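One structure below.
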Amino acid sequence: MIHQFSLGGYNIVLDVCSGAVHVVDPLAYDMIALYEDTPRDALIAQMREKYRDDPELEPNDFDECYDDITRLKDAGRLFSPDTFEPMAGTLKAKTAGVVKALCMHIAHTCNLNCSYCFASQGKYHGERAVMSYEVGRQALDFLVANSGTRHNLEVDFFGGEPLMNFQVVKDLVAYARSIEGETGKHFRFTLTTNGMLIDDDVIDFANRECSNVVLSLDGRKEVHDRFRVDFAGNGSWEKIVPKFQKLVKAREGKNYYMRGTFTHANPDFLEDIKVMLDLGFTELSMEPVVAAAGDPSALTEEDFPVVCQQYEALAMLMLERSRAGKPFTFYHYMLDLTGGPCIYKRISGCGSGTEYMAVTPWGDLYPCHQFVGEEKFRLGDIWHGVENKPVQDDFAACNVYARAECRDCWARLYCSGGCAANAYHATGSVRGVYEYGCRLFRKRMECAIMLAVAKQLGDDK
Amino acid sequence: MRHIQTIQTRDLCESAKKGGCGECQTSCQSACKTSCGIANQQCEKKQSEKK
């Protein structure tokens, strides 16, 4: 399978299964599109006719181009078949029972009252609560005990707002560090925060202990303050921006993401990204809102072309800024064509419910943070482990071949089959497909591939 | 090739032979938390080779 698209002045051909990327001229672009279904002589004759007035092309160009395509096909760099399906369960089978990452719901409460919050203002449709040190410590012990030979263990302090239970966060990190030597494990901590409670103590802690911090900011003040308000209805932008700036400066501008959400209210989210840049932030992420259809904040079909145009304009802005010596990072465009994940990772699914789980303040285990509060998805708890095997088996079987729609999708090796939570919320099944999200994802991947091409060709300088 | 320029990429078919160590970052444990993308993740083996 191949995928062809033109973007940023490049004609790009992706060979889906080998991962090969080719930049081609118009003749090769057209010839590749017809190559598999048209006999050689007919194809060459068709191309001669189409390009008869092209002064750049010599008579032998048509045969030469055809032969180049054939050579690439023979070398497994074009039209390569998908031979990976038998390996789809390999990685999960090899690591069955191994947990390597926990999303610690350190606080099911929040000091903001954002109406678009997928976690229902941090409560996850339940009671407000904070995790005790004892529960958190048991969760870390559970992780270590179930991590097999895995060395790097990932723990994200999440909420609600985790800094509303900051002392427990600090105590748990101290505990984890104290057992690294004896267990031979290395913890990588991340913190996701709305910024309201950031102070010097938090900054010191985050910069000392967290490999990444995710900071929630939606961009323009009026956009941010539309949803991200306190319980009195006051916007939070003015309060948090200086705190974020101080934290990022102390972090030397590295290992953080300024993460925004865009909704039906701001499909023109590039304007929000520009505000983030103006504020001095360069590591950026902007996510489409997760909302039920019909919710006023949900993206609509009318928003779709606007969002796609914004993704393209964002890619072009990145090139422009890079050439001007002011580069910035967009999370979804960080595509490393030479060092990205191996095929096992690409076909195995996201790992929710198997290697990755969420822990509630009460110690219950769920497949991921987006399933917390959905009682039927409760897997077990941190004292007894996973007891709900049928649900875990369902998640274990989620991979790139689990959904019929993915088989014909050129982007399947970039999303690994998509988000089970999005699929569930859109279709009622974790094996469903959130089509709108898929369409946005494919657009992002085209932009990301184009940027990677520009970088390798030196066009970003 | 005059008409086709091939960009340097990791050969996914080749990665089937040596991949699958499972040490890489969990997909959602990063910035997004609301969608699944694995393409932007790093291979731990490749990272260690670089160091």
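Protein sequences, first through last, are from chains A and B.
Residue numbering for the first sequence follows this note's numbering, beginning at 194 and increasing consecutively.
Residue numbering for the second sequence follows this note's numbering, beginning at 482 and increasing consecutively.
Glycine residues also receive a C-beta, built at the ideal position from the N, C-alpha and C atoms.
As the structure is a prediction and not an experimental result, all values here were calculated from the model.
- Per the Cβ contact rule, the segment 231–242 of chain A is not in contact with the segment 200–219 of chain A (fewer than 3 Cβ pairs under 8 Å).
- Less than 8 Å separates the beta-carbon of residue 298 of chain A from that of residue 351 of chain A.
- Residue range 283–287 is occupied by the alpha helix (DSSP H) that includes residue 286 of chain A.
- Here DSSP, grouped into helix, strand and coil, assigns residue 429 of chain A to coil.
- Here the alpha carbon of residue 505 of chain B sits roughly 44 Å from the alpha carbon of residue 232 of chain A.
- The contact set of residue 324 of chain A on chain B, defined by CB atoms closer than 9 Å, is empty, because the minimum CB distance reaches about 18 Å.
- Taking C-beta atoms as the reference points, residue 305 of chain A and residue 389 of chain A count as a pair closer than 8 Å.
- The C-beta of residue 534 of chain A comes closer than 8 Å to at least one C-beta of chain B.
- Per the Cβ contact rule, the segment 363–374 of chain A is not in contact with the segment 307–317 of chain A (fewer than 3 Cβ pairs under 8 Å).
- The C-beta distance from residue 403 of chain A to residue 383 of chain A rounds to 6 Å, short enough to meet the 8 Å contact threshold.
- The criterion of a C-beta distance shorter than 8 Å is satisfied by residue 290 of chain A and residue 339 of chain A.
- The secondary-structure analysis by DSSP pairs residue 574 of chain A across a beta bridge with A:557, A:578.
- Annotation: Cβ neighbours of residue 630 of chain A in chain B (cutoff 7 Å, chain order): 516.
- Within the DSSP bridge table, the entry for residue 412 of chain A names no partner.
- Bounds of the beta strand (DSSP E) holding residue 549 of chain A are 549–552.
- Rounded to the nearest whole angstrom, the CA to CA distance from residue 221 of chain A to residue 485 of chain B is 7 Å.
- Within the same chain, no residue comes within 7 Å of residue 394 of chain A by CB-CB distance, once the 5 residues on both sides are set aside.
- Note on residue 355 of chain A: 16 or more other CB atoms within 10 angstroms of its CB, so buried under the neighbour-count rule.
- Taking 8 Å as the threshold, the shortest C-beta distance from residue 462 of chain A to chain B does not fall below it.
- Taking all protein chains shown into account, residue 211 of chain A has 16 or more neighbouring C-beta atoms within 10 Å of its C-beta and is therefore buried.
- Beta-bridge analysis with DSSP links residue 294 of chain A to A:347, A:549.
- Taken in chain order, the complete beta strand (DSSP E) segments of 3 or more residues contained in the segment 367–391 of chain A are 379–386.
- With the criterion set as a beta carbon lying under 9 Å from some beta carbon of chain B, the members of the segment 603–619 of chain A are 604, 606, 607, 608, 609, 610, 611, 612, 613, 614, 615, in sequence order.
- No Cβ-Cβ contact shorter than 8 Å links residue 468 of chain A with residue 421 of chain A.
- Contact check for residue 213 of chain A and residue 490 of chain B: beta-carbon distance about 6 Å, within the 8 Å limit, so the pair qualifies.
- Interface criterion met: the Cβ of residue 641 of chain A is under 8 Å from a Cβ in chain B.
- DSSP places residue 199 of chain A inside the beta strand (DSSP E), whose first and last residues are 195–200.
- For the pair of segments examined, the segment 557–566 of chain A was found not to touch the segment 510–526 of chain A: the number of CB pairs separated by less than 8 Å stays below three.
- In the DSSP assignment, residue 214 of chain A falls within the beta strand (DSSP E) that extends over 214–217.
- Rounded to whole angstroms, residue 426 of chain A and residue 593 of chain A show a C-alpha spacing of 43 Å.
- Taking a Cβ-Cβ cut-off of 7 Å, the neighbours of residue 496 of chain B in chain A comprise 535, 536, given in sequence order.
- DSSP, reduced to helix, strand and coil, places residue 454 of chain A within a strand of the structure shown.
- Within the segment 288–303 of chain A, those residues whose Cβ lies closer than 8 Å to any Cβ of chain B are, in chain order, 288, 291, 293, 294, 296.
- Fewer than three Cβ pairs drawn from the segment 275–287 of chain A and the segment 315–326 of chain A lie within less than 8 Å of each other, which leaves the two stretches out of contact.
- Chain A places no beta carbon closer than 8 Å to that of residue 529 of chain B, leaving this residue out of the contacts.
- Counting only the Cα atoms, residue 398 of chain A lies some 8 Å from residue 363 of chain A.
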